[in-house]
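Note that the UniProt record's numbering gives residue 35 to position 35 of the sequence shown, counting from 1, and the numbers run on in steps of one.
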Amino acid sequence: MSERAAPFYCPYCGDEDLRPSEQGHGAWECAACNRAFQLKFLGLLARGLQQDHGGAEI
């Protein structure tokens, strides 16, 4: 597993022309809409996965 996960598309315009930004870890630039954004993993939820009565995860 990689330490750095790459986004597949821009969250603003949906284009796939993304490049890592010089702003640091998790920062990306979209060449199509000229926006910069940052991805950050916040952590796991305390409640974890819940199962419905049929056994499927929700």
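We put the beta carbon where it would ideally sit given N, CA and C, even for glycine.
Being a predicted model, the structure only gives us computed values, none of them experimental.
Cutoff 6 Å; reference residue i; Cβ partners in own chain excluding five residues on either side
{"i": "glutamate 29", "result": "Arg19, Ser21, Ala36"}
{"i": "cysteine 13", "result": "Ala32, Cys33"}
Residue j beta carbon less than 8 Å from that of residue i
{"i": "glutamine 38", "j": "alanine 31", "result": "no"}
Chain-order list of residues whose beta-carbon lies under 7 Å from that of residue i (same chain, five-residue window excluded)
{"i": "aspartate 17", "result": "Cys30, Ala31, Ala32"}
Start-to-end residues for the beta strand (DSSP E) that takes in residue i
{"i": "glutamate 29", "result": "27 to 30"}
{"i": "leucine 18", "result": "18 to 20"}
{"i": "phenylalanine 41", "result": "From DSSP, phenylalanine 41 is part of no beta strand (DSSP E); its letter is neither H nor E."}
Status (buried if at least 16 other CB within 10 Å, exposed otherwise) for residue i
{"i": "cysteine 10", "result": "buried"}
Neighbourhood of residue i by C-beta, 8 Å cutoff - its chain only, sequence neighbours within 5 removed
{"i": "lysine 40", "result": "Gly26"}
{"i": "methionine 1", "result": "Note that methionine 1 scores a pLDDT of 42, beneath 50, so its modelled location is shaky and nothing firm can be said."}
Below-8 Å beta-carbon distance, residue i vs any chain D residue
{"i": "phenylalanine 8", "result": "You won't find chain D in this structure, because it holds only one protein chain."}
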